[in-house]
């Protein structure tokens, strides 16, 4: 084989407007951070591995050498389609460029393996593609067996390849009948949503900072500035005074220990929003002589007045810009909570003057943003749209006429230049919030997404809409919340135990107007009310209807316990006359309810249930249930 370098073209993804790729055989795709993948080499049937000899020749490290005589023109169109597909994945999908690069690398790895393994027409022949996929999976299993690869790695490669093939070639059953390696040993545990209390605490503080500091900057409010804060903070009049100082505020927990702080910033009266008199604060300074302490206090007060005067005549005072950045940080948290986007998406969300807001859909509106040839769509609640527009004005204030490719940014403290959000930015924001309120929780994007999914589930938002908002597939949404809202589950569990504890009352406790029933007592016979989302409708004419009525009561004593245990015993005896499925559909909810009631009785009267159960199994049933069992035996309905 005559391997040599070929003409190459480095294509930066995403392509501008997903443009036409004239020469796919030359293409080397470049992703963010300079990572490259040689796509075009697959247009030749004879290629080398990555050409290490290219180092130092100003060629991409991923380039492969090819034998020009083995050019396969029939592969050009499929490779062109693949390049455009991955470009669009970066431009339009919810996946990060890093994730798309991983998928592209997995796809190319499969192509070159297929080329070397007898499946050379894998892109042009559908049956060959199916056979090639099966054989590739078998190959990965061999790698796992030889301990050259973990099952998790093999599983990730297979699941990634399967998703690419499903989208690129509309073939979503390629894995049917194939034993697939697992990408993880056990099913991922869903993220538990933050409590509504925690969400409210963090959002209330962020909303206060965003509203107040944005007004300070955009409305050019004068210093000292009263910033309205949540009542939970415990500030006087629910306000903190803001000053143009490195110590821009002093929240209540710091005011309480101000004298122990290394720097008290005594010229500013953070409690009243005024400037102190030198004589009032001179004793806080450490000079040897009283006159020197008074002089130091006077200088501090003079500097404080000067800082306020300067900030009140300068719309772009450094302190106002710093306040705008704090408002920006607070809005990032609000945005995460309302859009349910993941952190990678938020960090790389493009923005330009050209954006569109779509029509309302179940209380949400789509926002389409464009910048640098990339288009991204996200959904926000309609009521949040005014907040977004206010933030965009704040962003214009920060940029001061310049442009920036991303919606959000941070400011480099040394250079003053704007940079993208970082991996640790969420922690930094939480730390800044805790300097104001030490009790504020640190809820990150993953928790906000869980909370958002939970919120939509509880309010009946359909999975199609939820998948668009969460930037996930419908199947992911269904799988994540197939068992229902975790918060609702906790609420239902609490309600269930409350109902059990309400139903089981202490021995000797009188039930006013109580009517004895074969399974316990009724506190209001003739007026059944469903106690919860019951499997059996409450009914005063049937014994089983009592169990799911909120008027039902049982004493934690021997008589009522014997009624319940006897009822359970009769149900168990009838199980022999039904098939398992039929018995489960008829009696399982009732049987489970009895078990829960007996467990509560055992908690209140330890040992009672066990003793009564032994007696019932020896034939000492409650009189009603003894007659019931005898009748069933006579009718040969139980053995």
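In this note's numbering, the protein residues as written are 49 to 687. The beta-carbon is built from N, C-alpha and C at its ideal position, and this holds for glycine as well.
Closest residue to residue i among the options (Cα-Cα distance)
i           : options            : result
residue 272 : 659, 404, 261, 490 : 261
residue 433 : 603, 258, 414      : 414
residue 498 : 281, 334, 439, 244 : 244
residue 451 : 401, 397, 295      : 401
residue 208 : 151, 219, 216      : 151
residue 449 : 636, 157, 364, 186 : 364
residue 77  : 91, 70, 62         : 62
residue 265 : 367, 109, 167      : 367
residue 106 : 53, 127, 90        : 53
residue 466 : 453, 475, 478      : 453
Three-state secondary structure assigned by DSSP to residue i
i           : result
residue 397 : coil
residue 93  : coil
residue 273 : strand
residue 219 : coil
residue 347 : helix
residue 71  : coil
residue 441 : helix
residue 491 : coil
residue 50  : coil
residue 297 : coil
residue 336 : coil
residue 617 : helix
residue 315 : coil
residue 224 : coil
residue 609 : helix
residue 672 : helix
residue 650 : helix
residue 406 : strand
residue 416 : strand
residue 425 : strand
residue 601 : strand
Residue i versus residue j: straight-line alpha-carbon distance, rounded
i           : j           : result
residue 464 : residue 427 : 32 Å
residue 484 : residue 441 : 25 Å
residue 146 : residue 373 : 28 Å
residue 376 : residue 472 : 16 Å
residue 652 : residue 430 : 51 Å
residue 545 : residue 643 : With a pLDDT of 39 at residue 545, under the threshold of 50, the predicted position of this residue should be treated as unreliable, though the coordinate-derived value follows. Their Cα atoms are separated by approximately 13 Å.
residue 647 : residue 371 : 58 Å
residue 352 : residue 140 : 51 Å
residue 220 : residue 73  : 28 Å
residue 662 : residue 645 : 18 Å
residue 173 : residue 257 : 60 Å
residue 163 : residue 403 : 44 Å
residue 132 : residue 228 : 28 Å
residue 601 : residue 667 : 25 Å
Span of the beta strand (DSSP E), counted from its first residue to its last, around residue i
i           : result
residue 194 : From DSSP, residue 194 is part of no beta strand (DSSP E); its letter is neither H nor E.
residue 289 : 287 to 290
residue 77  : 75 to 78
residue 60  : 57 to 60
residue 373 : Careful: residue 373 lies outside any beta strand (DSSP E), inside the alpha helix (DSSP H) at 366 to 387.
residue 112 : 112 to 115
residue 310 : Element bounds for residue 310: n/a, residue is neither H nor E.
residue 85  : 84 to 86
Status (buried if at least 16 other CB within 10 Å, exposed otherwise) for residue i
i           : result
residue 337 : exposed
residue 190 : exposed
residue 379 : buried
residue 638 : buried
residue 396 : buried
residue 111 : buried
residue 218 : exposed
residue 614 : buried
residue 530 : Confidence is the limiting factor: at residue 530 the pLDDT is only 40, short of 50, which leaves the residue's position unreliable, though a coordinate-based value still follows. Its Cβ having fewer than 16 others within 10 Å, residue 530 is exposed.
residue 270 : exposed
residue 89  : buried
Residue i: first and last residue of the uninterrupted alpha helix (DSSP H) it sits in
i           : result
residue 305 : Note, residue 305: premise wrong, no alpha helix (DSSP H); not H, not E.
residue 17  : Past the edges of the chain, shown from 49 to 687, lies residue 17, and the structure says nothing about it.
residue 128 : 124 to 140
residue 477 : 473 to 482
residue 661 : 656 to 665
residue 163 : 145 to 164
residue 326 : 326 to 329
Short CB-CB distance (under 8 Å) between residue i and chain C
i           : result
residue 254 : Here there is only one protein chain, and chain C is not present.
The ligand SAH heavy atom lying under 7 Å from the CB of residue i
i           : result
residue 657 : No copy of the ligand SAH appears in this structure; indeed no ligand is present at all.
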